[in-house]
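Before any comments, here is the structure.
Residue numbers (our numbering): 566 to 991.
This is the structure in structure tokens:
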């Protein structure tokens, strides 16, 4: 058989394999969604109590339970496609000089690896910025468990989150009587004068701020408006330092970073040690393997620590340390709004990904991207249960899963991380 015939046969095999995978994926998504509908019907038909209002269509209240899985498969399939393009760009015609071909191939692989690394970092930066912004302003677009996890790490008082969302909606504004006492209970609980949380009394900008602060008994916010830092920082670090971070933005960032580092160790320890325990437990008795695992653990923990502290640093720089001093007439209605200090923090935190190892950068980027894509989709459309939505999700699921399964059989080198596990099933 000639070369052309061989490639033709291989192409036919790939096509047949893809069709078989597409058929299997179609059956899978239909079964998954039909099982969900049957469970919903069963719950709706056997109520635990007599409903006060007539039951509504559950499809109008909940999104598809397979949506997160579909987006995950879509991202993995797109990543496989991009990796295939990078590998294809490395395929150069062979010359008669073997050493020259080897050097060129090595250079092209290094170039592709650098490009992939930069792309992974950019994806994580953009995805994490979107996710964090939605955490503050559109938490309903994120999975509840994810919001709860971010909230535990961020350690932000719920009343501050309400104030931020009210600023975006226009219901919480400096100088406006609507919800002007929203943060008064927070100020009282922290041991500060209640007036510090009243937006009718707190100056909105640097103009005449000193006189107003003097009347409120605050002396460390000269020429700056907005809610005092003491309320924004909360009681973080109060168990470590008497009074906590207080008005110090530097102490606030350092304390939150240190606490985040300790929490990250508990989060990442299973990630780095469990694979060793499952695959080669005797490896932990080797100093070299143990040192490598500990180093990777501390590196991942530092990544999350810097991620947390960089958000707070950017927020404090934007609303207190720099911007209000450069632009004293700029109102905190903008600075504390959705495109002010919070946006600055969301854009800043993604740079911490460069602390992580190269391979983990890619895996983390692929982990957060589906969640970021989920936030772009309109909630009303996702909860509509329309036929077009169901068909679109099924089509995306089938194309993505069949592409991944075909790549696992014919192009395993294009798969990374979790997707690569499918290669061992063939």
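We treat Cβ as the ideally placed atom computed from N, Cα and C, and that holds for glycine.
As the structure is a computational prediction, the values presented were derived from the model and not from experiment.
>> So, for residue 935: in the same chain, excluding its five sequence neighbours on each side, which residues have a beta-carbon less than 6 Å away from its beta-carbon?
In response: Residue 935 sits at position 370 when you count from the first residue of the chain shown. Only 636, 637 and 640 meet the Cβ criterion.
>> Using only CA atoms, which one of 848, 844, 582 and 719 lies nearest to residue 878?
In response: The residue given as residue 878 occupies position 313 in the chain shown. Considering only alpha carbons, the answer is 719.
> Going by the beta-carbon positions, is the gap between residue 760 and residue 796 smaller than 8 Å?
Replying inline: For the purposes of this step, residue 760 is identified with residue 195 of the chain shown, where counting begins at 1. For the purposes of this step, residue 796 is identified with residue 231 of the chain shown, where counting begins at 1. Not a contact, by the Cβ cut-off of 8 Å.
> On the premise that residue 771 lies in contact with residue 889, defined as a C-beta separation below 8 Å, what is that separation, rounded to the nearest angstrom?
Replying inline: Numbered from its first residue, the chain shown carries residue 889 at position 324. Numbered from its first residue, the chain shown carries residue 771 at position 206. Correct: roughly 6 Å between the Cβ atoms.
> Which full runs of the alpha helix (DSSP H) of 4+ residues lie inside the stretch 745-770, going along the chain?
Replying inline: 749-754
> What is the DSSP secondary structure of residue 621, counted as helix, strand or coil?
Replying inline: Numbered from 1 along the chain shown, position 56 holds the residue referred to as residue 621. Annotation note: pLDDT 44 at residue 621 (below 50); position unreliable, no value reported.
> Can you list, in chain order, the residues of its chain whose CB lies under 6 Å from that of residue 594, leaving out five sequence neighbours each side?
Replying inline: Working through the chain shown from its first residue, we reach residue 594 at position 29. So the list reads 959 and 962, once near-sequence residues are dropped.
>> Between which two residues does the alpha helix (DSSP H) holding residue 709 run?
In response: Start at 1 with the first residue of the chain shown, and residue 709 comes out as number 144. Element bounds for residue 709: 709-719.
> Taking all protein chains shown into account, do 16 or more other C-beta atoms lie within 10 angstroms of the C-beta of residue 717, making it buried, or fewer, making it exposed?
Replying inline: Position 152 of the chain shown holds residue 717. Exposed, since its Cβ has fewer than 16 Cβ neighbours within 10 Å.
> Would the stretch 856-870 and the stretch 884-903 be scored as touching if the rule is three or more Cβ pairs under 8 Å?
Replying inline: These segments do not touch.
>> Taking 8 Å as the threshold (beta carbon to beta carbon), is residue 676 in contact with chain B?
In response: In the displayed structure, chain B is absent; only one protein chain is listed.
>> Closer than 8 Å is the cut-off here; do at least three beta carbon pairs connect the stretch 640-653 with the stretch 969-985?
In response: Yes: the two stretches touch, three or more of their Cβ pairs being nearer than 8 Å.
> Out of 679, 925, 767 and 827, which has the shortest C-alpha to C-alpha gap to residue 742?
Replying inline: As a first step, residue 742 must be located in the chain shown, where it is residue number 177. Of the candidates 679, 925, 767 and 827, the one whose C-alpha sits nearest the C-alpha of residue 742 is 767.
> On the premise that residue 880 lies in contact with residue 906, defined as a C-beta separation below 8 Å, what is that separation, rounded to the nearest angstrom?
Replying inline: The sequence position of residue 906 within the chain shown is 341, counting from 1. The sequence position of residue 880 within the chain shown is 315, counting from 1. 5 Å between Cβ atoms; contact.
> When you compare only the Cα positions, how much space is there between residue 585 and residue 874?
Replying inline: Along the chain shown, one-based indexing puts residue 585 at 20. Along the chain shown, one-based indexing puts residue 874 at 309. Distance between the alpha carbons of residue 585 and residue 874 is about 49 Å.
> Taking the C-alpha atoms as reference points, what is the distance between residue 724 and residue 885?
Replying inline: As a position in the chain shown, residue 724 is number 159, starting the count at 1. As a position in the chain shown, residue 885 is number 320, starting the count at 1. Those two C-alpha atoms are separated by around 20 Å.
> Nearest to residue 915 by CA position, among 580, 682, 633 and 688, is which residue?
Replying inline: Residue numbering aside, residue 915 sits at position 350 when the chain shown is read from its first letter. Residue nearest to residue 915 within the set 580, 682, 633 and 688 is 688 (criterion: CA-CA distance).
> Can you name, in chain order, every residue of its own chain whose Cβ lies under 8 Å from the Cβ of residue 833, other than the five neighbours on each side?
Replying inline: Taking the chain shown and counting its residues from 1, the one referred to as residue 833 is at position 268. Result list for residue 833: 862, 865, 866 and 869, in chain order.
> When we look at the beta-carbon of residue 769 and count the other beta-carbons within 10 Å, is it buried (16 or more) or exposed?
Replying inline: Your numbering for residue 769 matches position 204 in the chain shown. Buried, because 16 or more other Cβ atoms sit within 10 Å of the Cβ of residue 769.
>> Rounding to the nearest angstrom, what Cα-Cα distance links residue 755 and residue 800 in this structure?
In response: Here residue 755 refers to the residue found at position 190 when the chain shown is read from its first residue. Here residue 800 refers to the residue found at position 235 when the chain shown is read from its first residue. Cα to Cα, the separation comes out at about 7 Å.
>> Pop quiz: residue 940 and residue 699 are said to be a contact at Cβ under 8 Å. What is the actual Cβ separation, rounded to whole angstroms?
In response: On the chain shown, residue 940 is found 375 positions in, with the first residue counted as 1. On the chain shown, residue 699 is found 134 positions in, with the first residue counted as 1. About 5 Å; that satisfies the 8 Å criterion.
> Do the CB positions of residue 918 and residue 686 come within less than 8 Å of each other?
Replying inline: Locating residue 918 in the chain shown gives position 353, counting from the first residue. Locating residue 686 in the chain shown gives position 121, counting from the first residue. Yes, they are a contact pair.
> Of the residues 713, 668, 683 and 650, which one's Cα is nearest the Cα of residue 978?
Replying inline: Here the question's residue 978 lines up with position 413 in the chain shown. Minimum Cα distance to residue 978 is reached at 650.
> How big is the Cα-Cα spacing for residue 847 and residue 837?
Replying inline: Position 282 of the chain shown, counted from the start, is the residue given in the question as residue 847. Position 272 of the chain shown, counted from the start, is the residue given in the question as residue 837. Answer to the nearest angstrom: the Cα atoms are 15 Å apart.
>> By alpha-carbon positions, which one of 809, 840 and 773 ends up nearest to residue 894?
In response: Stepping through the chain shown from its first residue, residue 894 is reached at position 329. When each option's Cα is compared against that of residue 894, the closest is 773.
> Could you give the distance in angstroms between the alpha-carbon of residue 665 and the alpha-carbon of residue 589?
Replying inline: Position 100 of the chain shown, counted from the first residue, corresponds to residue 665. Position 24 of the chain shown, counted from the first residue, corresponds to residue 589. In a straight line, the C-alpha of residue 665 is about 45 Å away from that of residue 589.
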